[in-house]
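Colleague:
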Amino acid sequence: MFSESLDQAEAMTELIRVLQDSENIVVLTGAGMSTESGIPDFRSDSGLWQDDELMQAMSVNYLRYFPERFWPKFKHVFLRPEYLQAQPNAGHLALGLLEGMGKRIQIFTQNVDGLHGVAGNTQVFELHGNFGLARCPICHTPYALNHILSEEVPHCVWENQKGVVCGHVLDPDTVLFGQDVRHYGRAQLAIANADVMLVLGTSLTVDPVAELPHFAIEQCHTRLIIVNMESTYCDKWAHLVIRGKVGEVLSQAVARVSSARDFPQRYRA
Ligand code: NAD
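According to the working numbering, the sequence shown is numbered sequentially starting from 412.
(1) Leaving out the 5 sequence neighbours to the left and right, which residues in its chain are closer than 7 Å to Leu-635 when beta-carbon positions are compared?
(2) Could you check what DSSP says for Glu-562 in three-state terms: helix, strand or coil?
(3) Would the C-beta of Ile-559 count as close to the ligand NAD, meaning under 7 Å from any of its heavy atoms?
(4) Just to check, is the beta-carbon of Asp-646 closer than 7 Å to a non-hydrogen atom of the ligand NAD?
(5) With burial defined as no fewer than 16 other Cβ atoms inside 10 Å of the residue's Cβ, what is the status of Phe-519: buried or exposed?
(6) Across which residues does DSSP place Tyr-554 in a beta bridge pair?
(7) If I follow the unbroken alpha helix (DSSP H) through Gln-419, where does it start and stop?
(8) Does Glu-464 come out as helix, strand or coil in the three-state DSSP assignment?
(9) So, at 6 Å on beta carbons, what are the nonlocal neighbours of Leu-504 in its own chain, with the 5 sequence-adjacent residues on each side left out?
(10) For Gln-431 and Asp-463, I'd like the C-alpha separation in whole angstroms.
(11) Please say whether Leu-615 and Thr-643 have beta carbons closer to each other than 8 Å?
(12) Would you kindly report the start and end of the unbroken beta strand (DSSP E) that includes Arg-593?
(13) Going straight from the alpha carbon of His-594 to that of Asn-541, what length do you get?
(14) Quick one: residues in its chain with C-beta nearer than 7 Å to the C-beta of Asp-452, no 5 flanking neighbours on either side, listed in chain order?
(15) For Val-668, collect the residues of the same chain with a Cβ closer than 8 Å to its Cβ; drop the 5 residues on either side in sequence, then sort them by chain order.
(16) Have a look at Ile-436, Val-665, Ala-501 and Gly-658 and flag the residue whose alpha-carbon is nearest the alpha-carbon of Asp-606.
(17) Just checking my contact of Gln-517 with Ala-601 at CB under 8 Å: how many whole Å lie between their CB atoms?
(18) Hey, out of Asn-639, Ala-664, Ala-603 and Val-617, whose CA is closest to Gln-630's CA?
(19) How many whole angstroms separate the CB atoms of Pro-553 and His-579, which I take to be in contact at a CB cut-off of 8 Å?
(20) Whole angstroms is fine: what's the gap from Ile-653's alpha carbon to Leu-495's?
(21) Compute the Euclidean distance between the alpha carbons of Asp-584 and Asp-418, then round it to the nearest angstrom.
Printed below as a string of structure tokens:
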């Protein structure tokens with residue numbers, strides 16, 4: 412790892428240099444990206460995934476067998492009022508700013524909170540879906556958050572021309588245990604062509620997404636930069652590892668990239 416020899420200030424300087432030099436950036440984010448917005452990660456000591464029963468209930472089998480019991484538990488995990496009110500933090504906004512500078516930023520997120528889109532990024536691929544959407548598994552009618560919240564167990568209200576209501580319990584858009592992640596092939600293609608891959612706020616413990624940084628190094632020779640509070644299995648292969656809060660690290664770095672770009676123009680004026 413190149414960064415082993417660097418102190419924190421030198422690591423930040425290197426992060427800024429790489430961001431300045433890179434035009435095609437792939438980003439992989441996890442729950443740690445949104446903790447600074449007030450949404451906790453699930454694997455910390457007090458996290459919701461410490462409750463085995465709750466974790467097992469977030470599976471497609473549980474939804475199929477016990478739909479009436481599934482939805483209150485799903486809402487307890489994902490649709491708490493404080494999560495629904497969460498706003499993008501400095502890290503989300505920094506990624507939006509990078510895209511605003513004309514760089515190609517493709518974000519592959521394990522998060523289901525939709526905050527990257529709110530922050531202004533246009534190339535966001537939600538590998539595990541979005542907690543604010545649902546769909547009928549029978550007639551495929553899509554539903555938004557207001558309908559999901561309108562009853563404890565949301566049902567399909569689509570009505571055919573004979574006035575028969577579908578009435579089936581909805582599926583959340585969120586990918587449940589036992590379901591496939593989305594956009595995986597697209598992520599591999601993006602990683603193969605990227606100048607650098609930023610891995611932000613993820614423990615890299617949920618497969619197959621956790622394999623993507625290894626794929627970047629092994630198959631594509633794409634440099635990795637990891638920003639996380641704790642170590643990950645990929646640290647040893649990364650070009651740079653910064654141990655810190657994503658929002659703080661990224662906003663400082665992107666502000667420096669932005670001011671360096673503005674400087675020649677201001678200087679000429
Ligand atoms: P995780 O909980 O396994 O790991 C989060 C990592 O982020 C940890 O290593 C933690 O140390 C680190 N972290 C926490 N706050 C940080 C910060 N401010 N800066 C830097 N690092 C920080 O999360 P995961 O790997 O993303 O997997 C969790 C799964 O649960 C995902 O698949 C996701 O679908 C779901 N989830 C989503 C949300 C959300 O949408 N916001 C929140 C929790 C869980």
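Glycine is no exception: its CB is placed at the ideal position from the N, C-alpha and C atoms.
Modeller: Put simply:
(1) Met-608, Val-610, Pro-624, Ala-627, Ile-628, Cys-645, Trp-648, Ala-649 and His-650
(2) Residue state, collapsed to three classes: coil.
(3) no
(4) no
(5) buried
(6) Tyr-554 pairs with Ala-545.
(7) 419-432
(8) helix
(9) Sequence-distant partners of Leu-504 (beyond 5 residues in either direction) whose C-beta falls short of 6 Å from its own C-beta, in its chain, are Ala-530.
(10) 44 Å
(11) yes
(12) Neither: Arg-593 is in no beta strand (DSSP E) and is coded neither H nor E.
(13) 13 Å
(14) Contacts found: Ala-442, Gly-443, Thr-446 and Gly-458.
(15) Ile-427, Leu-430, Gln-431, Leu-509 and Met-512
(16) Distances from the CA of Asp-606 to each of Ile-436, Val-665, Ala-501 and Gly-658 were compared; the closest alpha carbon is that of Ile-436.
(17) About 5 Å; that satisfies the 8 Å criterion.
(18) Ala-603
(19) Their Cβ separation, rounded to whole angstroms, is 13 Å, which puts Pro-553 and His-579 out of contact at 8 Å.
(20) Going by C-alpha positions, Ile-653 is about 29 Å away from Leu-495.
(21) 42 Å
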